[in-house]
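**Q** Under full-length UniProt numbering, the first residue of the sequence shown is numbered 1, with each subsequent residue one higher. Even glycine gets a Cβ: it sits at the ideal position worked out from N, Cα and C. Model, not experiment: these values are computed from the prediction.
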Amino acid sequence: MDSPESSRFEQYWWILKRRWLPASGIFVSVSVIMSLVASFQKPVYVAQGLLLFKRLNTTSSVTEVGKEIGILQPLVDQSNPLDTEANIMRSEPLAQKTITALNLKDNQGKPLAIKDFLHNVSVTNIRKTDLLEVSYQSQDPQEAAAVVNQLMSIYLENHLDFQRAEAVAARKFIEKQLPQAEATVSKTEAALRQFKQENQVISLDAEARSAIEVLTDLQKEIAQNQSKMADVNAQYESLQTRLGMNSKQAIALTALKQSPEVQEALQELRQVEVELALERNRFQPTHPTIAKLESKVASLKGILNQRVKQVSKAKPKSHSQLFQLGELQQDLTKELVELEAARLGLANQIKALVNAQTAYRKRLNDLPRLEQQQRELERQLDVSQSTYSLLLNKLGEIQVAENQNMGNARIIAGAQVPMIPISSAKIAYIAACFQGLLATAAIIYLLETRDKSLKTIKDVKQLFKFTLLGVIPHFNKSQLLNPSQEVLDPFTPQVIVRNTPRSPISESYRMLQANLKFLSSDKALKAVTVTSSLPQEGKSTVSANLAAVIAQRGSKVLLIDADLHKPVQHRIWDLSNEVGLSNMLVNQVELRDAIKPVIENLDVLTSGVVPPNPAVLLDSERMASLINHVASRYDFVIIDTPSLNVAADAPILGKMTDGVLLVSRPGVVDSGSAAFAKGLLEQSGQTVLGLVVNGVIPDNEPNSYYYFSQEYISDDSVALNRILDVASYE
Numbered sequence: 001m002d003s004p005e006s007s008r009f010e011q012y013w014w015i016l017k018r019r020w021l022p023a024s025g026i027f028v029s030v031s032v033i034m035s036l037v038a039s040f041q042k043p044v045y046v047a048q049g050l051l052l053f054k055r056l057n058t059t060s061s062v063t064e065v066g067k068e069i070g071i072l073q074p075l076v077d078q079s080n081p082l083d084t085e086a087n088i089m090r091s092e093p094l095a096q097k098t099i100t101a102l103n104l105k106d107n108q109g110k111p112l113a114i115k116d117f118l119h120n121v122s123v124t125n126i127r128k129t130d131l132l133e134v135s136y137q138s139q140d141p142q143e144a145a146a147v148v149n150q151l152m153s154i155y156l157e158n159h160l161d162f163q164r165a166e167a168v169a170a171r172k173f174i175e176k177q178l179p180q181a182e183a184t185v186s187k188t189e190a191a192l193r194q195f196k197q198e199n200q201v202i203s204l205d206a207e208a209r210s211a212i213e214v215l216t217d218l219q220k221e222i223a224q225n226q227s228k229m230a231d232v233n234a235q236y237e238s239l240q241t242r243l244g245m246n247s248k249q250a251i252a253l254t255a256l257k258q259s260p261e262v263q264e265a266l267q268e269l270r271q272v273e274v275e276l277a278l279e280r281n282r283f284q285p286t287h288p289t290i291a292k293l294e295s296k297v298a299s300l301k302g303i304l305n306q307r308v309k310q311v312s313k314a315k316p317k318s319h320s321q322l323f324q325l326g327e328l329q330q331d332l333t334k335e336l337v338e339l340e341a342a343r344l345g346l347a348n349q350i351k352a353l354v355n356a357q358t359a360y361r362k363r364l365n366d367l368p369r370l371e372q373q374q375r376e377l378e379r380q381l382d383v384s385q386s387t388y389s390l391l392l393n394k395l396g397e398i399q400v401a402e403n404q405n406m407g408n409a410r411i412i413a414g415a416q417v418p419m420i421p422i423s424s425a426k427i428a429y430i431a432a433c434f435q436g437l438l439a440t441a442a443i444i445y446l447l448e449t450r451d452k453s454l455k456t457i458k459d460v461k462q463l464f465k466f467t468l469l470g471v472i473p474h475f476n477k478s479q480l481l482n483p484s485q486e487v488l489d490p491f492t493p494q495v496i497v498r499n500t501p502r503s504p505i506s507e508s509y510r511m512l513q514a515n516l517k518f519l520s521s522d523k524a525l526k527a528v529t530v531t532s533s534l535p536q537e538g539k540s541t542v543s544a545n546l547a548a549v550i551a552q553r554g555s556k557v558l559l560i561d562a563d564l565h566k567p568v569q570h571r572i573w574d575l576s577n578e579v580g581l582s583n584m585l586v587n588q589v590e591l592r593d594a595i596k597p598v599i600e601n602l603d604v605l606t607s608g609v610v611p612p613n614p615a616v617l618l619d620s621e622r623m624a625s626l627i628n629h630v631a632s633r634y635d636f637v638i639i640d641t642p643s644l645n646v647a648a649d650a651p652i653l654g655k656m657t658d659g660v661l662l663v664s665r666p667g668v669v670d671s672g673s674a675a676f677a678k679g680l681l682e683q684s685g686q687t688v689l690g691l692v693v694n695g696v697i698p699d700n701e702p703n704s705y706y707y708f709s710q711e712y713i714s715d716d717s718v719a720l721n722r723i724l725d726v727a728s729y730e
C-alpha cells in the first residue's frame with residue numbers, strides 16, 4: 001500500500017499533468033515579464049549600521065543614581081524590548097525627520113513619501129545579542145549610507161530626550177508630592193503630641209510596670225490598715241463597754257469636765273446638795289430652809305443644764321456622771337476618744353488607699369487602648385516620615401540622573417558606502433522564475449477549486465458507489481488513424497463496433513456486454529434503461545455501440561430512442577425520424593412500420609416527432625405494453641433515455657425494465673449533478689444494474705485500468721477514417 005506522502009505526491013503530479021497547458025503558459029508569461037522588468041531595473045545598494053543597547057547606562061551603574069531610568073523592561077513576558085526599539089526606529093516621526101534632514105526626493109523630484117522610505121528601511125534584532133542592525137536600500141550608495149547614519153543619530157537624540165523627559169517628569173512629580181508629604185508628617189506629629197498631652201502619656205510601658213508595682217503596694221497598705229482597724233475597733237468596743245458610753249458621750253463629758261463654767265456650776269450644785277442633805281437631817285421636809293435649799297438646787301441644775309448645753313450637745317445621763325468622772329475614768333475616756341480618732345484616721349486612710357487603687361486599676365485598664373492609639377499614631381508618623389525621606393532621596397537621585405543621563409544605546413558601527421549592489425541579473429532571473437512558479441501554483445489552485453467535475457474513474461466510483469460494469473476509453477482521431485488515411489466527413493455517426501470491430505473501444509464494449517450477461521445468473525436481462533447525470537456524457541453512443549456488440553454476438557436486439565427531448569439515435573444510424581416511438585404511442589403508426597433494421601440482428605425504434613409533453617406518453621400503459629411486447633420478441637431491448645437532470649423519463653422507464661444502466665464521463669459530470677442523480681435513482685427505488693465510465697483518458701488516470709496501443713488496431717480497419725472522437729458524441 002502506498003504511503004500517504006506518495007499518494008499525495010502522485011495526486012499533485014496528476015493535477016499538474018492535467019493542467020499543464022495553462023500552467024505552462026502562466027509560468028512562461030510571468031517569468032518572461034518579470035525578467036524583462038528586472039533587466040530594466042537599476043542596481044540597488046544596501047548600507048548597514050549597528051546599534052548596541054545596554055540594560056543600564058554606565059553612569060547610573062557607577063553612581064547607583066537613577067538606575068531605574070532607561071532600563072529596557074518589557075510589559076509582556078513574551079515580548080522583546082529590542083523589538084520595541086526597532087519599531088520606534090521605523091516610526092513615522094523619525095522617518096520624517098530623516099527625510100527632511102537629508103532632503104530625500106523620489107524619481108519625480110518630490111519629497112520622498114514616508115511609506116516609500118519605510119519600505120526601504122529594515123531594522124532587525126540580531127539573535128542572542130543586544131544589537132540592532134539598521135539597513136537602507138537605495139540606487140544611490142552614498143544616499144543609502146547617509147540615511148542609515150542619519151536615522152541612527154536621530155534615534156539616539158530622540159532616545160536620550162525621551163529618557164531625560166522621564167527624569168524631568170519624575171522630578172516634577174516628586175517636587176509636587178514633597179509639600180504634601182511634609183504636611184502629613186507635621187500633622188501626624190501634632191496628633192501624637194496632643195494625644196500624649198491629653199492622656200498624660202510619657203512612656204506607657206514604664207507606666208504600666210509602675211502601676212502594677214503601686215497596686216501591689218496599695219494592696220499591702222490596705223491590708224495592713226484593715227488589720228490595724230480591726231485592732232482599734234476591738235479596743236474601742238471594749239472601752240465603750242466598760243465606760244457605758246460611746247465616743248461622743250465620752251468626748252462630751254471630757255469637754256464638760258474641762259469647762260470652768262460647768263465645773264463652777266457643778267461645784268455650787270454639789271455644795272448646795274450637801275447642805276440640803278445636812279439640813280434634811282435637822283429639819284422637816286416642809287421647813288422653809290429645806291424649801292429654800294431645794295429651790296436653790298433646782299435653780300443651780302437649770303444653770304448647769306444651760307451651761308452643759310452651751311458646751312456640748314451631748315447631754316449626760318445624769319448629773320452624777322459629771323460628779324463621778326474620776327481620774328481613771330478620765331484616762332479611759334481619753335483613751336476612748338483617742339481610739340475613735342485612730343479609727344477614723346484608719347478608715348479615711350483605707351478609703352484613700354482604695355480610691356487610689358481604683359484609680360490605678362482604671363488607668364491600667366485604659367493602658368492597652370492608649371497603647372494601641374499611640375502605636376497607630378507612631379506607625380502613621382513612621383510611614384509619613386519614610387515617604388518624606390524617600391521622596392527627598394529620590395529627588396536628589398533624579399536631579400543627578402537628569403544631569404548625567406547619557407542613554408543606554410550607542411552606535412558601534414556606522415554605515416559605510418556600499419561598493420557592490422545587492423541585485424544582479426542572475427538573482428533577478430531566479431526571482432522571476434520563482435514568481436512564475438508562484439503564479440503557476442496559484443492558477444492551478446484556482447482552476448482546481450473552480451472545477452467541480454469528477455476527474456477520474458476513482459472519483460466517479462467513490463461518489464456513485466455502483467458496480468463498475470465497463471470502462472470506455474477516449475481516443476482521438478490521431479490515435480486511430482494512420483497518417484496516410486484520408487479523413488472522411490467528420491459528422492459521420494460514431495458506431496465504433498460496426499466500423500472497427502477489432503479496435504480497443506470495441507473490446508471495451510464487448511467487456512461491458514459480458515459483464516451485463518453475467519450480472520444476473522438467475523434470470524437473463526431482457527430490457528435495460530440507459531441514462532446519465534448530464535448531457536454530453538455519451539449515453540446515446542454507449543447505447544448504440546452496446547446494442548451493436550450484442551447484435552454481433554447473434555442476439556436479436558431492439559434499440560429504442562426514448563429521448564423525446566433531444567433524440568440522437570436517428571443521427572447515429574443515419575435514419576429518418578418522421579415516424580417513431582411518439583407516433584406509435586399515439587396510435588399513428590404500427591410497431592412494424594416504425595422499427596427500422598440497421599445491421600444484422602439489430603433494429604432501431606427512433607423517437608419520432610418530439611411531443612410537447614413526453615412524460616405523459618412515456619408514463620402510460622401503452623408504453624409498458626410496448627416494452628413487454630418487444631421484450632418477448634427480442635432477445636435484448638436497450639432504451640436510450642434523457643439525462644436525469646433534464647427529465648424524469650429515465651426513472652419512469654426504469655421501473656418498466658429490468659434496471660438502469662448509468663453512464664458517467666469524467667471531466668463532464670460534476671459532484672453536485674452526480675449526487676443529485678444518485679439521490680434521484682435511490683429515491684425512486686430504481687434497480688441500478690451498474691455504472692459505465694465513458695470517455696476515459698488513460699493519461700489522466702493515476703492508476704489506469706487499460707493501456708491501449710496502436711498494435712491492437714488492424715491494418716484492414718479502413719473504416720477508421722470515419723472516426724473522429726470515439727465515445728464523445730451524443
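#1: Under three-state DSSP, which class holds Leu546?
#2: Would you identify the three-state DSSP class for Val62, choosing helix, strand or coil?
#3: Do the segment 616-630 and the segment 566-578 make contact, defined as three or more Cβ pairs closer than 8 angstroms?
#4: Name the DSSP beta bridge partners of Gly538, please?
#5: Using 8 angstroms as the cut-off, can you tell me whether the segment 654-674 makes contact with the segment 460-472, which would need three or more C-beta pairs spanning the two stretches below that distance?
#6: Express the C-alpha separation of Val44 and Gln416 in angstroms, rounding to a whole number.
#7: Which two residues bound the contiguous alpha helix (DSSP H) that contains residue 735?
#8: Is it the case that the Cβ atoms of Asp561 and Asp635 are separated by a distance below 7 angstroms?
#9: Going by C-alpha to C-alpha distance, which of Arg280, Val274, Leu300, Lys362 sits closest to Leu266?
#10: For Leu534, which residues of its own chain have a beta-carbon under 7 angstroms away from its beta-carbon, when the five flanking residues on both sides are left out?
#11: Since Pro597 sits in a beta bridge, which residues does DSSP pair it with?
#12: DSSP state of Val487, grouped into three classes?
#13: Using the three-state DSSP reduction, which class does Lys228 fall into: helix, strand or coil?
#14: Roughly how many whole angstroms lie between the Cα atoms of Asp140 and Ile411?
#15: Relative to the C-alpha of Ile697, which residue among Lys455, Ala359, Pro611, Thr529 is closest?
#16: Which runs of the beta strand (DSSP E) fall wholly inside the segment 72-159 and span at least 3 residues, in chain order?
#17: Among the candidates Glu578, Ile599, Pro597, Pro421, whose CA atom is the shortest distance from the CA of Val589?
#18: Is Leu118 closer than 7 angstroms to Ser150 when the C-beta atoms are compared?
#19: May I ask you to verify whether the segment 177-191 touches the segment 378-386, counting CB pairs closer than 8 angstroms and requiring at least 3?
#20: Would you decide whether Leu344 is buried or exposed? Buried here means 16 or more other CB atoms lie within 10 Å of its CB.
#21: Give me, in chain order, the residues of the same chain whose beta-carbon lies closer than 7 angstroms to that of Gly49; leave out the 5 immediate sequence neighbours on both sides.
#22: Comparing alpha-carbon positions, which option in Gln194, Gly654, Lys309 lies nearest Thr531?
#23: By the 10 Å Cβ neighbour count, where 16 or more other Cβ atoms means buried, how is Asn281 classified, buried or exposed?
#24: Within 10 angstroms of its Cβ, does Pro418 collect 16 or more other Cβ (buried), or is it exposed?
#25: Once you ignore the five residues that flank Ala347 on each side, which residues in its own chain have a CB closer than 8 angstroms to its CB?
#26: Do you know offhand how far Lys196's Cα is from Leu381's?
#27: I want to know whether the segment 390-401 touches the segment 162-173 - three or more CB-CB distances under 8 angstroms.
#28: Would you identify the three-state DSSP class for Asn613, choosing helix, strand or coil?
#29: Compute the Euclidean distance between the alpha carbons of Pro421 and Asp459, then round it to the nearest angstrom.
#30: Classify Ala624 as helix, strand or coil using the three-state DSSP reduction.
#31: From this set, Leu602, Asp574, Thr529, Gly580, which residue's C-alpha is nearest Val549's C-alpha?
#32: Suppose you measure from the CA of Arg307 to the CA of Lys292; what does that come to, to the nearest Å?
#33: For Leu689, count neighbouring Cβ atoms within 10 angstroms of its own Cβ and tell me buried if that reaches 16, exposed if not.
#34: Taking a contact to mean a Cβ-Cβ separation below 7 angstroms, would you say Leu353 touches Leu218 in this structure?
#35: Are the CB atoms of Leu575 and Thr606 nearer to each other than 7 angstroms?
#36: Among Arg193, Val214, Ile126, which has the Cα closest to the Cα of Gln374?
**A** From the atom records:
#1: helix
#2: Below a pLDDT of 50, predicted positions are generally treated as unreliable, and Val62, at 36, falls in that range; no measurement from the model is reported.
#3: no
#4: Note: Gly538 sits in no beta bridge, so no partner.
#5: yes
#6: 15 angstroms
#7: The first residue shown for the chain is 1 and the last is 730, placing residue 735 beyond what the model contains.
#8: no
#9: Leu300
#10: Ser643, Asn645, Val668, Val669, Ser673
#11: Asp603
#12: Caution applies to Val487, whose pLDDT of 40 falls short of 50 and renders its modelled position unreliable; the value that the coordinates give is listed next. The answer is coil: DSSP assigns Val487 none of H, G, I, E or B.
#13: helix
#14: 23 angstroms
#15: Lys455
#16: 121-125, 131-138
#17: Glu578
#18: Per the sequence shown, residue 150 should be read as Gln rather than Ser. No. Outside cutoff.
#19: yes
#20: exposed
#21: Val134, Val148, Asn149, Met152, Ile411, Ala413, Gly414, Ala415
#22: Gly654
#23: exposed
#24: buried
#25: Met229
#26: 14 angstroms
#27: yes
#28: coil
#29: 53 angstroms
#30: helix
#31: Leu602
#32: 22 angstroms
#33: buried
#34: yes
#35: yes
#36: Arg193
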